[in-house]
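As structure tokens, the structure follows; a few thoughts come after it.
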Amino acid sequence: MKSTLLSRRDLDFLLFEWLRVEELTKRERFAEHSRETFCDVLELCEQLATRYFAPHNKKSDAHEPGFDGATVTIIPEVKEALDAFAAADLLGMAMDTELGGAQLPATVAQAGFGWLAAANVSTAGYVMLTMANANLIAKFGTADQISTFVKPMLTGRFFGTMCLSETQAGSSLADITTRAEPHDDGSYRLFGSKMWISGGEHELTDNIVHLVLAKIPGGPAGTKGISLFIVPKFLVGPDGSLGERNDVVLAGLNHKMGYRGITNTVLNFGEGAFRPGGEAGAVGYLVGEPHRGITYMFTMMNEARLGVGMGAIALGYTGYLKSLQYARERPQGRPVTSKDPAVPQIPIIEHADVKRMLLAQKSYVEGALALALYCARLVDLQHSAESAEERDNVTLLLDILTPIAKSWPSQWCLAANDLAIQVHGGYGYTREYDVEQHYRDNRLNHIHEGTHGIQSLDLLGRKVTQRNGASLLALNDAVGQSIAAAEAAGGDLAGFAAELDAVRRRLTAVTTAMFASGDIEAAMANSAIYLEAFGHIVIAWMWLEQLLAAHGKTGDFYDGKRQAARYFFRYELPRTAPQLDLLESLDRTTLEMQPRWF
Numbered sequence: 001m002k003s004t005l006l007s008r009r010d011l012d013f014l015l016f017e018w019l020r021v022e023e024l025t026k027r028e029r030f031a032e033h034s035r036e037t038f039c040d041v042l043e044l045c046e047q048l049a050t051r052y053f054a055p056h057n058k059k060s061d062a063h064e065p066g067f068d069g070a071t072v073t074i075i076p077e078v079k080e081a082l083d084a085f086a087a088a089d090l091l092g093m094a095m096d097t098e099l100g101g102a103q104l105p106a107t108v109a110q111a112g113f114g115w116l117a118a119a120n121v122s123t124a125g126y127v128m129l130t131m132a133n134a135n136l137i138a139k140f141g142t143a144d145q146i147s148t149f150v151k152p153m154l155t156g157r158f159f160g161t162m163c164l165s166e167t168q169a170g171s172s173l174a175d176i177t178t179r180a181e182p183h184d185d186g187s188y189r190l191f192g193s194k195m196w197i198s199g200g201e202h203e204l205t206d207n208i209v210h211l212v213l214a215k216i217p218g219g220p221a222g223t224k225g226i227s228l229f230i231v232p233k234f235l236v237g238p239d240g241s242l243g244e245r246n247d248v249v250l251a252g253l254n255h256k257m258g259y260r261g262i263t264n265t266v267l268n269f270g271e272g273a274f275r276p277g278g279e280a281g282a283v284g285y286l287v288g289e290p291h292r293g294i295t296y297m298f299t300m301m302n303e304a305r306l307g308v309g310m311g312a313i314a315l316g317y318t319g320y321l322k323s324l325q326y327a328r329e330r331p332q333g334r335p336v337t338s339k340d341p342a343v344p345q346i347p348i349i350e351h352a353d354v355k356r357m358l359l360a361q362k363s364y365v366e367g368a369l370a371l372a373l374y375c376a377r378l379v380d381l382q383h384s385a386e387s388a389e390e391r392d393n394v395t396l397l398l399d400i401l402t403p404i405a406k407s408w409p410s411q412w413c414l415a416a417n418d419l420a421i422q423v424h425g426g427y428g429y430t431r432e433y434d435v436e437q438h439y440r441d442n443r444l445n446h447i448h449e450g451t452h453g454i455q456s457l458d459l460l461g462r463k464v465t466q467r468n469g470a471s472l473l474a475l476n477d478a479v480g481q482s483i484a485a486a487e488a489a490g491g492d493l494a495g496f497a498a499e500l501d502a503v504r505r506r507l508t509a510v511t512t513a514m515f516a517s518g519d520i521e522a523a524m525a526n527s528a529i530y531l532e533a534f535g536h537i538v539i540a541w542m543w544l545e546q547l548l549a550a551h552g553k554t555g556d557f558y559d560g561k562r563q564a565a566r567y568f569f570r571y572e573l574p575r576t577a578p579q580l581d582l583l584e585s586l587d588r589t590t591l592e593m594q595p596r597w598f
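So for the sequence shown, UniProt numbering puts the first residue at 1; every next one is plus one.
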């Protein structure tokens, strides 16, 4: 029976027929691997997801973590699943072998993570955060910090978090007030409070490694004065043994509409509940140099953004597969040409409007999955670059695609979940079926790791303009290569290539005009519209790439790919025309709206 979590057939197509990930084994970093090891990891992740993660998805939603003032309680199945994943040595699957990792390509690791997220995005959240935390410390930490904190995370003894936001600051990190005071032994003492910390308190592991943004007194104002600190729940001795409880206190749990199985916390640092050595403050260890915390944290933030995007895709994908299965099995109504009530009912998948909803879902989730894996392959090329020029070009491309890879899936795979509910009809919004929970879970991804608006400001205000538009030029070059290949193939491919070429040239022209106007305020006012149009153009490119990979191949799978691509080019890409018109006009409606008029 086919899985309703993800499609292994689609993953194989994307990984091996399109991205040709086995070619990565020609690079020194991945030389110890083969297609066989890649397939083994994917199969293992699917098995773990099916056996350990999926069965408690609804239970963890119905029985969210509780806090009695002293201890957080979580259903036992969460720990069983995480222990099984750790026992399979998968926490470090993409990390260096010298650290205890398997040094697999990120492309394969991301695909493997997709199975977990589709099965249970809440439990998978502990995994994603721990991997990203370990990667940051491995990149910027000292040898002692790596030995003390990273290696235990890769075995599952410790889990990790990221502590950025504060109640009064939200996404405006320049306004955080958590402070870190230097101590005579070279460590720091932290004082402050952090909000929305996923995985911030639990009894699932021996220790929790918090990465905390804070300001050292006397440092520069704003984000330039932010430093990054490792603040463990329990202090760790030189021999790796756990010592005193650190002064990190759970102030309370946030109760969310989705992702209910992972703790979401308010943490207080240095409030005096625990005083290591009798001194005030939570003990923290500086990562790297002072006042460079934002630069370091972007490593974890960007990895988490790609992870959130993958989580959104997985939720959209599993919702699509479940609604597809339902549509095949649910008889209702008759063909529009039949007026005879004696004619047997037909499965709803035969109705044109249901096909429309399924095609829309397919075009969203399969297009987004292609983007997520394409970005993961860029990460692999970064890590194994054979020249500085290659690394630079890949980095430029990854920079400009990261806001899209986070925000487009969190918007449009959520739309897929909405359609999955609609396909189910009245059953869709009942808790007896999974699709209502998938929608609630996925709605959070629009906010996780930077809202849609934050990502759009990053895209238009930073990524598009950085280095005189170098990232946009790199993207145009990559898309242009696909267009040229499609034009050479002829037929429908050439037609789609012409459509994509016209709209991407329009985007470039509109972008240039927006900044040439000198009215930066108006240009940035509609950055969210820019992000949506930009994202649709990128996904159209992903579909063109899939068409090229499927070109000349026969069978239902490839015909389905071609029809989903056709849907996206006919129904979705045209959405960008009025959006680009609005952007080009530098409309000031939102700017000129006065608060008192609401």
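Here a beta-carbon is modelled for each residue, glycine too, at the ideal position from N, C-alpha and C.
### Task
For Pro232, name the three-state secondary structure that DSSP assigns.
In the sequence shown, counting from the first residue as 1, residue 232 sits at position 232. Reduced to three states, the DSSP call for Pro232 is strand.
### Task
Within the stretch 504 to 534, note down every full alpha helix (DSSP H) run reaching 4 residues or more, in order along the chain.
520 to 525
### Message
Please report the distance separating the alpha-carbon of Thr512 from that of Pro403.
### Response
By one-based count along the sequence shown, residue 512 stands at place 512. By one-based count along the sequence shown, residue 403 stands at place 403. Roughly 20 Å separates the two Cα atoms.
### Query
How many angstroms separate the CA atom of Leu459 from the CA atom of His446?
Here residue 459 refers to the residue found at position 459 when the sequence shown is read from its first residue. Here residue 446 refers to the residue found at position 446 when the sequence shown is read from its first residue. The alpha-carbon atoms of Leu459 and His446 are separated by roughly 16 Å.
### Task
Would you check if the distance between the CB atom of Leu190 and the CB atom of Gly160 is smaller than 8 Å?
As a working note, residue 190 is residue 190 in the sequence shown. As a working note, residue 160 is residue 160 in the sequence shown. It is not a contact, given that the beta carbons lie outside the stated cut-off.
### Query
Shortest alpha-carbon distance to Tyr126 belongs to which of Glu166, Glu366, Phe113?
As a position in the sequence shown, residue 126 is number 126, starting the count at 1. Of Glu166, Glu366, Phe113, the residue nearest in Cα terms is Phe113.
#### Entry: Inter-residue CB distance, Ser407 and Gln481 (contact presumed, cutoff 8 Å)
Locating residue 407 in the sequence shown gives position 407, counting from the first residue. Locating residue 481 in the sequence shown gives position 481, counting from the first residue. Their Cβ separation, rounded to whole angstroms, is 25 Å, which puts Ser407 and Gln481 out of contact at 8 Å.
#### Entry: As assigned by DSSP and simplified to three states, the class of Pro574
Locating residue 574 in the sequence shown gives position 574, where the first residue counts as 1. If DSSP states are grouped into helix, strand and coil, Pro574 belongs with the helices.
#### Entry: Spatially closest choice to Val249 from Leu358, Leu44, Asp587, Phe234, by CA coordinates
Locating residue 249 in the sequence shown gives position 249, where the first residue counts as 1. For Val249, the nearest C-alpha among the options comes from Phe234.
### Message
Check this for me: beta carbons of Val283 and Glu449, under 8 Å apart or not?
### Response
Against the sequence shown, residue 283 aligns to sequence position 283. Against the sequence shown, residue 449 aligns to sequence position 449. Cβ atoms of Val283 and Glu449: not closer than 8 Å.
### Query
Cα-Cα, which of Gly425, Phe67, Arg179, Ser3 is closest to Met357?
Counting from 1 along the sequence shown, the entry for residue 357 is found at position 357. Among Gly425, Phe67, Arg179, Ser3, the Cα nearest to that of Met357 is on Gly425.
### Query
According to the Cβ coordinates, are Ala132 and Ala124 closer than 8 Å?
Here residue 132 refers to the residue found at position 132 when the sequence shown is read from its first residue. Here residue 124 refers to the residue found at position 124 when the sequence shown is read from its first residue. No; because the gap between Cβ atoms is not below 8 Å, this pair is not in contact.
### Three-state secondary structure assigned by DSSP to Ser363
In the sequence shown, the residue the question calls residue 363 occupies position 363. Ser363: helix per DSSP, three-state reduction.
### Query
Looking at Thr451 and Ser172, is the spacing between their C-beta atoms short of 8 Å?
As a first step, residue 172 must be located in the sequence shown, where it is residue number 172. As a first step, residue 451 must be located in the sequence shown, where it is residue number 451. Cβ atoms of Ser172 and Thr451: not closer than 8 Å.
### Task
Round the Cβ separation of Leu5 and Thr50 to the nearest angstrom and send it over; I've been treating them as touching at under 8 Å.
Position 5 of the sequence shown, counting from 1, holds the residue named residue 5. Position 50 of the sequence shown, counting from 1, holds the residue named residue 50. So it is a contact: roughly 7 Å between Cβ atoms.
### Query
Contact check, Gly270 vs Gly278 under 8 Å by CB: the rounded distance?
The residue given as residue 270 occupies position 270 in the sequence shown. The residue given as residue 278 occupies position 278 in the sequence shown. In fact, because the Cβ distance is near 13 Å, the residues do not count as touching under 8 Å.
### Query
Among Glu390, Ile197, Asp175, which residue has its Cα nearest to the Cα of Pro220?
Here residue 220 refers to the residue found at position 220 when the sequence shown is read from its first residue. For Pro220, the nearest C-alpha among the options comes from Asp175.
#### Entry: Separation of Leu204 from Tyr188, as counted between CA atoms
By one-based count along the sequence shown, residue 188 stands at place 188. By one-based count along the sequence shown, residue 204 stands at place 204. So the two alpha carbons sit approximately 27 Å from each other.
### Query
For Pro347, which residues does DSSP report across the bridge?
Indexing the sequence shown from 1 puts residue 347 at position 347. The partner list for Pro347 (beta bridge, DSSP) reads Pro331.
### Task
Leaving out five residues on either side along the sequence, give the residues of the same chain with a beta carbon under 7 Å from the beta carbon of Leu136.
Looking up residue 136 in the sequence shown gives position 136. Here the set comprises Leu211, Tyr296, Thr299, Met300.
### Query
Buried or exposed: which applies to Glu521, given that a residue is buried once 16 or more other Cβ atoms fall within 10 Å of its Cβ?
Against the sequence shown, residue 521 aligns to sequence position 521. Exposed.
### Query
What runs of the alpha helix (DSSP H), each 4 residues or longer, lie entirely inside the stretch 368 to 444?
388 to 424, 435 to 443
### Task
With DSSP as the reference, label Thr451 as helix, strand or coil.
Residue numbering aside, residue 451 sits at position 451 when the sequence shown is read from its first letter. Coil at Thr451, not helix or strand.
### Exposure label - Leu90; buried when at least 16 CB within 10 Å
Numbered from 1 along the sequence shown, position 90 holds the residue referred to as residue 90. So Leu90 ends up on the buried side.
### Query
Quick one: what does DSSP say residue 644 is sitting in, helix, strand or coil?
Outside the modelled stretch of the chain, which goes from 1 to 598, sits residue 644, for which no answer is possible.
#### Entry: Beta-carbon proximity list for residue 656, same chain, < 8 Å, skipping 5 on both sides
The structure shown does not extend to residue 656, since the chain is modelled only from 1 to 598, so the question has no answer here.
### Task
Identify the continuous beta strand (DSSP E) that holds Pro276 and give its terminal residues.
The residue given as residue 276 occupies position 276 in the sequence shown. Here Pro276 belongs to no beta strand (DSSP E), and DSSP marks it neither H nor E.
### Query
With burial defined as no fewer than 16 other Cβ atoms inside 10 Å of the residue's Cβ, what is the status of Val343: buried or exposed?
Here residue 343 corresponds to residue number 343 of the sequence shown, with the count starting at 1. So Val343 counts as exposed.
### Query
In chain order, what residues of the same chain have a beta carbon less than 7 Å from the beta carbon of Arg440, not counting five sequence neighbours either side?
Within the sequence shown, the letter at position 440 stands for residue 440. So the list reads Met257, Gly258, once near-sequence residues are dropped.
### Message
Quick test of your reading: Leu371 and Val538, contact by CB under 8 Å. State the CB separation rounded to the nearest angstrom.
### Response
The count along the sequence shown starts at 1 and reaches residue 371 at position 371. The count along the sequence shown starts at 1 and reaches residue 538 at position 538. Yes, Leu371 and Val538 are in contact; Cβ-Cβ is about 7 Å, under 8 Å.
### Nearest-angstrom Cα separation, counted from Phe568 out to Asn302
Position 302 of the sequence shown, counted from the start, is the residue given in the question as residue 302. Position 568 of the sequence shown, counted from the start, is the residue given in the question as residue 568. Whole-angstrom Cα-Cα distance: 27 Å.
### Query
Under the three-state reduction of DSSP, which class applies to Met162: helix, strand or coil?
Indexing the sequence shown from 1 puts residue 162 at position 162. The answer is strand: DSSP assigns Met162 an E or B state.
### Contact under 8 Å by Cβ, Pro409 with Ala312
Within the sequence shown, the letter at position 409 stands for residue 409. Within the sequence shown, the letter at position 312 stands for residue 312. For Pro409 and Ala312, yes; Cβs fall inside 8 Å.
### Run of the alpha helix (DSSP H) containing Ser60, from where it starts to where it stops
For this step, residue 60 is matched to residue 60 along the sequence shown. 57 to 62 is the span of the alpha helix (DSSP H), which, as asked, contains Ser60.
### Query
Which value, in whole angstroms, describes the spacing of the CA atoms of Glu350 and Val121?
Position 350 of the sequence shown, counted from the first residue, corresponds to residue 350. Position 121 of the sequence shown, counted from the first residue, corresponds to residue 121. Taking the straight line joining both Cα atoms gives about 32 Å.
### Task
Evaluate the contact criterion for the stretch 62 to 78 versus the stretch 91 to 108: three or more CB pairs, one atom per stretch, below 8 Å.
no
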